[in-house]
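Have a look at the structure below before the remarks.
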Amino acid sequence: MRKLVKLRKLVKLRKLVKLRKLVKLRKLVKLRKLAKSKEFAKLSKFAELKRFDKPN
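Going by the working numbering, the first residue of the sequence shown is number 98, and it counts up by one from there.
Following this line, the structure appears as structure tokens:
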């Protein structure tokens with residue numbers, strides 16, 4: 098019986114850890130995407146400015 102209880106606790110812990118890792122990863126990905134989109138917006142504005150500067 099004790100072994101079963103220990104196993105269950107281990108499984109629960111593992112699941113919790115996995116969930117936490119997943120949540121952290123998702124947050125990181127979201128943050129990265131936000132940062133990238135901000136950078137991209139800056140870059141696109143910069144590119145547009147450069148385009149206007151170039152004489153055709």
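Quick reminder that beta carbons are idealized off the backbone N, C-alpha and C, glycines included.
Note that the coordinates shown come from a computational prediction; the quantities given were computed from them, not determined experimentally.
From residue i to residue j, what distance separates their C-alpha atoms?
{"i": "Ser-134", "j": "Arg-111", "result": "34 Å"}
{"i": "Lys-147", "j": "Ser-141", "result": "10 Å"}
{"i": "Ser-118", "j": "Leu-128", "result": "Before going on, a small fix: residue 118 reads as Lys here, not Ser. Going by the C-alpha atoms only, they are around 15 Å apart."}
{"i": "Lys-115", "j": "Leu-107", "result": "12 Å"}
{"i": "Leu-113", "j": "Ala-132", "result": "28 Å"}
{"i": "Glu-130", "j": "Arg-123", "result": "First, the amino acid is wrong: residue 130 is Lys here, not Glu. Their Cα atoms are separated by approximately 10 Å."}
{"i": "Val-120", "j": "Leu-104", "result": "24 Å"}
{"i": "Glu-136", "j": "Phe-143", "result": "10 Å"}
{"i": "Leu-101", "j": "Leu-125", "result": "36 Å"}
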